[in-house]
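As structure tokens, the structure follows; a few thoughts come after it.
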Amino acid sequence: MDKLYNSIIISNFLKMIKSRYSYVNTLELLQAADMELYQIEDEECWFTQDQVDRFYDKLVRMTKNPGIAREAGLYSASPEALGTMKRYVMGLLGPGKVFEKVEQIANGYTRSSRYMSRRLSRNSVEIIVTPNPGIEERLYQCENRIGYFEAIVRVFNYRMPRIEHTECMLKGAPHCRYKITWQESPATLLRWVRNACFLLGGGGIGAAWLYLPEPSYKILISTGVLAILLGLSLATEFLNRRELLGALDNLRFSTDHLLENISVNYNHALLINEIGQTISKQIQVDRILGGVVEVIQKYLDFDRGLILLTNPEGTYLEYRAGYGYSGEQLGILKATKFHLDNLNSRGIFVVCYREQKPYLVNNVEEILDNLSPHSLEFARFMGSRSFICCPIIYEENCLGILAMDNIISKRPLLQRDLDLLMGIAPELGISIHNALMIETQHRQFQSVLQALAASIDARDVLTAGHSDRVTAYAVGICRELGLSREYTEMIRVASQLHDYGKIGIRDSVLKKPGPLSPREREEIKAHAEKTEQILKKINFEGIYREVPIIAGAHHEWIDGSGYPRGLKGEEIPLGARIIAVADFFEAITAKRHYRDPMSFDHAMEILKEESGRHLDPLVVEAFIAHITGVRRLTPLGGFSPIITN
Numbered sequence: 001m002d003k004l005y006n007s008i009i010i011s012n013f014l015k016m017i018k019s020r021y022s023y024v025n026t027l028e029l030l031q032a033a034d035m036e037l038y039q040i041e042d043e044e045c046w047f048t049q050d051q052v053d054r055f056y057d058k059l060v061r062m063t064k065n066p067g068i069a070r071e072a073g074l075y076s077a078s079p080e081a082l083g084t085m086k087r088y089v090m091g092l093l094g095p096g097k098v099f100e101k102v103e104q105i106a107n108g109y110t111r112s113s114r115y116m117s118r119r120l121s122r123n124s125v126e127i128i129v130t131p132n133p134g135i136e137e138r139l140y141q142c143e144n145r146i147g148y149f150e151a152i153v154r155v156f157n158y159r160m161p162r163i164e165h166t167e168c169m170l171k172g173a174p175h176c177r178y179k180i181t182w183q184e185s186p187a188t189l190l191r192w193v194r195n196a197c198f199l200l201g202g203g204g205i206g207a208a209w210l211y212l213p214e215p216s217y218k219i220l221i222s223t224g225v226l227a228i229l230l231g232l233s234l235a236t237e238f239l240n241r242r243e244l245l246g247a248l249d250n251l252r253f254s255t256d257h258l259l260e261n262i263s264v265n266y267n268h269a270l271l272i273n274e275i276g277q278t279i280s281k282q283i284q285v286d287r288i289l290g291g292v293v294e295v296i297q298k299y300l301d302f303d304r305g306l307i308l309l310t311n312p313e314g315t316y317l318e319y320r321a322g323y324g325y326s327g328e329q330l331g332i333l334k335a336t337k338f339h340l341d342n343l344n345s346r347g348i349f350v351v352c353y354r355e356q357k358p359y360l361v362n363n364v365e366e367i368l369d370n371l372s373p374h375s376l377e378f379a380r381f382m383g384s385r386s387f388i389c390c391p392i393i394y395e396e397n398c399l400g401i402l403a404m405d406n407i408i409s410k411r412p413l414l415q416r417d418l419d420l421l422m423g424i425a426p427e428l429g430i431s432i433h434n435a436l437m438i439e440t441q442h443r444q445f446q447s448v449l450q451a452l453a454a455s456i457d458a459r460d461v462l463t464a465g466h467s468d469r470v471t472a473y474a475v476g477i478c479r480e481l482g483l484s485r486e487y488t489e490m491i492r493v494a495s496q497l498h499d500y501g502k503i504g505i506r507d508s509v510l511k512k513p514g515p516l517s518p519r520e521r522e523e524i525k526a527h528a529e530k531t532e533q534i535l536k537k538i539n540f541e542g543i544y545r546e547v548p549i550i551a552g553a554h555h556e557w558i559d560g561s562g563y564p565r566g567l568k569g570e571e572i573p574l575g576a577r578i579i580a581v582a583d584f585f586e587a588i589t590a591k592r593h594y595r596d597p598m599s600f601d602h603a604m605e606i607l608k609e610e611s612g613r614h615l616d617p618l619v620v621e622a623f624i625a626h627i628t629g630v631r632r633l634t635p636l637g638g639f640s641p642i643i644t645n
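For the sequence shown, the residue numbers in the numbering used here are 1 to 645.
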């Protein structure tokens, strides 16, 4: 349903109820209309026709006053409620100017109707109110409008206006027509009196000087008339000045309020933009959450914030990111599991998750009676005073909770605060879902790779684990060389599959305990090319496209004596040079059918001998740094190998 009526209208009702009908339970009244107090306090919040109807019907039953709508409209002119009306009308210097702007002013209250005004005279106007298509108002809204028209005039301390309601849409007319007539303000009346006195006084002084014989009488009359005129002028200027100062004061207030709203909206726009940039740059859940929390902390006025996500089984919520918590509180949060499988749980996080409904609480003390003992203990330990809790939803599935809170009394939390976080939560939900899907696909991809590598290891118990060890060495070399995370991941995949071509080698050759014949050696060497051919049939994308070439070239030597193509120096891809070092060291330190493993020290000597001849010396140096834990002195960033013979 369309939201048609601004919270200012309901706020005015509530102020009047508090002042004149204090026995009315406002919480019960708002509950009947499905309204929240924080929504009423937010001037940017709007309500539907149904909500406003239920509010009014309940209020009439509670007060037994069928004319309360008009009373609430007129109440806008009372001193205790003047702030709202004053902001809109006092800067316009008189009811005539206000009614000329009635369409603009009405837009701040309602979207249900169109307002048109026509000036009939200095102190009367005609206003026509036409409902928008599909909108059906009720009689109380017409009465409330009349009350507001009366209030506009009363704001200026004028006498009650006369309002003629000649046509009414609720009685079959296409619109409501109102003729509003008021008396002039004291300042205006005094100006008329002053001007008239100037004319009469001037004539009186002239007559006195023409017809009175005694000069003393002439001077006395002239002085008296001038004193009266001066007094009237001073009084008129005083009233004019007071009206002008009042108007300037309200214009200043309106300007400050406008600038404050502009600042808030601009800040929120920056927040949304930066969150969009943050979540679009990341594909890992924890990085997304950390970035979002950092942006929220930067732009929003909350003491603390956290994000809870469900575990894969959906049995509990767990802490994933947050800010503003002490070390002890953070430790408790990370250790706490908010169980979703406990039907008796009444914790606000669990309730928010289950109902997929946001919550805003400005005073935690008000909900303590609704909490379980455990939740009550947790709430008191955290020391929250007010909070907002929003579900993170993706396609009707709740993924977790976004919560912000204050531990000291600040400004009241409003509907716009809730709306802002509820606007962030769905975008966060999409990003989390996509990241989880990517992580799932990555795990599936890794499991397939492990299965492929294991299928080779399974053929020979002596070489089982070879691919995993080569992969660990290769990743360590990448880190020593300062290579990017993406490139390192590609090398990890190529390392796991570097010997996959051996699946096409006969067992009699692959497991032969003695020396190989020249023909058998050529058959073994063919595994490198077979690896490339098989892996090219896999649809690798992005940087992974290099996997087949790198895996197939891991037996190329930098002096050109390797196989299958006899590549030389930098003709060999960097990834293949890295795997070559890792594969060489693992092979000579592992037991084979035809020999025992070398000792670590002996293997290191052999590795150094091969450096610069068969193996890239900078890669060898990085491997030694990795395997020994001794840092290299040469900077590794921006690796560009220099090949030596």
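Just so it is clear, CB atoms sit at the ideal spot from N, CA and C, and this is done for glycine as well.
(1) With respect to the beta strand (DSSP E) encompassing Arg649, which residues constitute its N-terminal and C-terminal limits?
(2) For the structure I just gave you, are there three or more beta carbon pairs, one from the region 480-499 and one from the region 527-539, closer than 8 Å?
(3) Confirm, please, whether the CB-CB distance from Arg177 to Ile128 is below 8 Å.
(4) Below 8 Å CB to CB, which residues in the same chain sit around Leu139 once its five sequence neighbours on both sides are set aside?
(5) Grab the span of the alpha helix (DSSP H) containing Tyr56 for me, first residue to last.
(6) Excluding the 5 residues flanking Cys398 on each side, which residues of the same chain have their C-beta closer than 6 Å to its C-beta?
(7) Judging by CA-CA distance, which residue of Ile288, His339, Glu480 and Gly331 is the nearest neighbour of Asn311?
(8) Relative to the C-alpha of Pro95, which residue among Ala106, Asn123 and Leu330 is closest?
(9) List, from N- to C-terminal side, the beta strand (DSSP E) runs of 3 residues or more that fit wholly inside the region 98-183.
(10) Where do the N-terminal and C-terminal ends of the alpha helix (DSSP H) with Arg485 fall, by residue?
(11) Leaving out five residues on either side along the sequence, give the residues of the same chain with a beta carbon under 7 Å from the beta carbon of Ile9.
(12) Any idea what DSSP makes of Asp405, helix, strand or coil?
(13) Give the C-beta separation of Leu7 and Glu43 to the nearest angstrom, bearing in mind that I take them to be a contact with Cβ-Cβ under 8 Å.
(14) Give every residue of the same chain whose Cβ lies closer than 6 Å to the Cβ of Val125, excluding the five residues on either side of it in the sequence, and list them in chain order.
(15) According to the neighbour-count rule (16 or more other Cβ atoms, all chains shown, within 10 Å of its Cβ), is Ser508 buried or exposed?
(16) What is the DSSP secondary structure of Thr628, reduced to helix, strand or coil?
(17) Use the C-beta contact count for Gly562: other C-beta atoms within 10 angstroms, 16 or more gives buried, fewer gives exposed.
(18) Around the Cβ of His442, are there at least 16 other Cβ atoms within 10 angstroms (buried) or fewer (exposed)?
(19) Please report how far the alpha carbon of Cys168 lies from the alpha carbon of Lys15, in whole angstroms.
(20) Skipping 5 residues on each side, what residues in its chain have a beta carbon closer than 8 Å to that of Glu137?
(21) What are the boundary residues of the alpha helix (DSSP H) that includes Gly331?
(22) What residues in its chain sit with their C-beta under 6 Å from that of Gly134, if we drop five residues either side in the sequence?
(23) Keeping to the same chain, check which residues put their C-beta closer than 6 Å to that of Ile279; ignore five residues upstream and five downstream.
(24) Pop quiz: Ala576 and His554 are said to be a contact at Cβ under 8 Å. What is the actual Cβ separation, rounded to whole angstroms?
(25) Gln415: buried (16+ other C-beta within 10 angstroms of its C-beta) or exposed?
(26) DSSP three-state call for Gly542: helix, strand or coil?
(27) Within the same chain, show all residues whose beta-carbon is closer than 7 Å to that of Ile477, passing over the 5 residues directly before and after it, in chain order.
(28) Indicate whether Val493 and Val547 have their beta-carbon atoms separated by less than 8 Å.
(29) Please classify Trp209: does DSSP put it in a helix, a strand, or coil?
(30) In or out: Gln51 buried (at least 16 other Cβ within 10 Å) or exposed?
(31) In the DSSP assignment, the beta strand (DSSP E) including Ile367 goes from what residue to what residue?
(32) Are the C-beta atoms of Lys536 and some chain D residue less than 8 Å apart?
So, to answer that:
(1) Summary: the structure shown does not reach residue 649, with the chain confined to residues 1 through 645, and so no result is reported for it.
(2) yes
(3) In the sequence shown, the residue the question calls residue 128 occupies position 128. In the sequence shown, the residue the question calls residue 177 occupies position 177. For Ile128 and Arg177, yes; Cβs fall inside 8 Å.
(4) Here the question's residue 139 lines up with position 139 in the sequence shown. Hits under 8 Å: Leu170.
(5) Indexing the sequence shown from 1 puts residue 56 at position 56. From DSSP, the alpha helix (DSSP H) with Tyr56 extends over Gln49 to Thr63.
(6) Taking the first residue of the sequence shown as 1, we reach residue 398 at position 398. Contacts found: Tyr353, Gln356 and Pro391.
(7) Residue 311 sits at position 311 when you count from the first residue of the sequence shown. Considering only alpha carbons, the answer is His339.
(8) Taking the first residue of the sequence shown as position 1, residue 95 is located at position 95. Among Ala106, Asn123 and Leu330, the Cα nearest to that of Pro95 belongs to Asn123.
(9) 113-121, 124-131, 162-167 and 176-181
(10) The count along the sequence shown starts at 1 and reaches residue 485 at position 485. First-last of the alpha helix (DSSP H) with Arg485: Arg485 to Gln496.
(11) Taking the first residue of the sequence shown as 1, we reach residue 9 at position 9. Cβ within range, chain order: Tyr109.
(12) Reading the sequence shown from its first residue, position 405 is the one you call residue 405. Correct three-state label for Asp405: strand.
(13) For this step, residue 7 is matched to residue 7 along the sequence shown. For this step, residue 43 is matched to residue 43 along the sequence shown. Sequence inspection shows Ser at residue 7; the Leu mentioned does not correspond to that position. Between Glu43 and Ser7 the Cβ distance is about 6 Å, and since that is below 8 Å, they are a contact.
(14) Here the question's residue 125 lines up with position 125 in the sequence shown. Same-chain partners within the cutoff: Phe99, Ser117, Arg119 and Ile180.
(15) Taking the first residue of the sequence shown as 1, we reach residue 508 at position 508. Answer is exposed; the Cβ neighbour count stays below 16.
(16) Here residue 628 refers to the residue found at position 628 of the sequence shown. Helix.
(17) Translated into the one-based positions of the sequence shown, residue 562 becomes position 562. With 16 or more other Cβ atoms within 10 Å, it is buried.
(18) As a first step, residue 442 is located in the sequence shown; it is residue number 442 there, counting from the start. Exposed, because fewer than 16 other Cβ atoms sit within 10 Å of the Cβ of His442.
(19) Translated into the one-based positions of the sequence shown, residue 168 becomes position 168. Translated into the one-based positions of the sequence shown, residue 15 becomes position 15. Their backbone Cα atoms lie some 28 Å apart in a straight line.
(20) In the sequence shown, the residue the question calls residue 137 occupies position 137. Closer than 8 Å at the Cβ level, and outside the excluded window around Glu137, lie Gln49, Ser112, Ser113, Pro131, Met169 and Leu170.
(21) Position 331 of the sequence shown, counted from the start, is the residue given in the question as residue 331. Start and end: Gly327 to Ala335.
(22) Indexing the sequence shown from 1 puts residue 134 at position 134. None.
(23) As a first step, residue 279 is located in the sequence shown; it is residue number 279 there, counting from the start. Excluding sequence neighbours, Ile279 sits near Ile288 and Ser431.
(24) Here residue 576 refers to the residue found at position 576 when the sequence shown is read from its first residue. Here residue 554 refers to the residue found at position 554 when the sequence shown is read from its first residue. Yes, Ala576 and His554 are in contact; Cβ-Cβ is about 5 Å, under 8 Å.
(25) Within the sequence shown, residue 415 is the residue found at index 415, counting from 1. Counting Cβ neighbours within 10 Å, Gln415 comes out buried, since at least 16 surround it.
(26) Counting from one through the sequence shown, the residue named residue 542 turns up at place 542. Correct three-state label for Gly542: helix.
(27) Numbered from its first residue, the sequence shown carries residue 477 at position 477. So the list reads Ile578, Val581, Ala582, Val619, Ala622, Phe623 and His626, once near-sequence residues are dropped.
(28) Against the sequence shown, residue 493 aligns to sequence position 493. Against the sequence shown, residue 547 aligns to sequence position 547. Yes, the Cβ-Cβ distance between Val493 and Val547 is below 8 Å.
(29) Reading the sequence shown from its first residue, position 209 is the one you call residue 209. If DSSP states are grouped into helix, strand and coil, Trp209 belongs with the helices.
(30) Your numbering for residue 51 matches position 51 in the sequence shown. By the 10 Å Cβ count, Gln51 comes out buried.
(31) On the sequence shown, residue 367 is found 367 positions in, with the first residue counted as 1. Premise fails: Ile367 is in no beta strand (DSSP E) and is neither H nor E.
(32) In summary, chain D is missing from the structure at hand, where a single protein chain is found.
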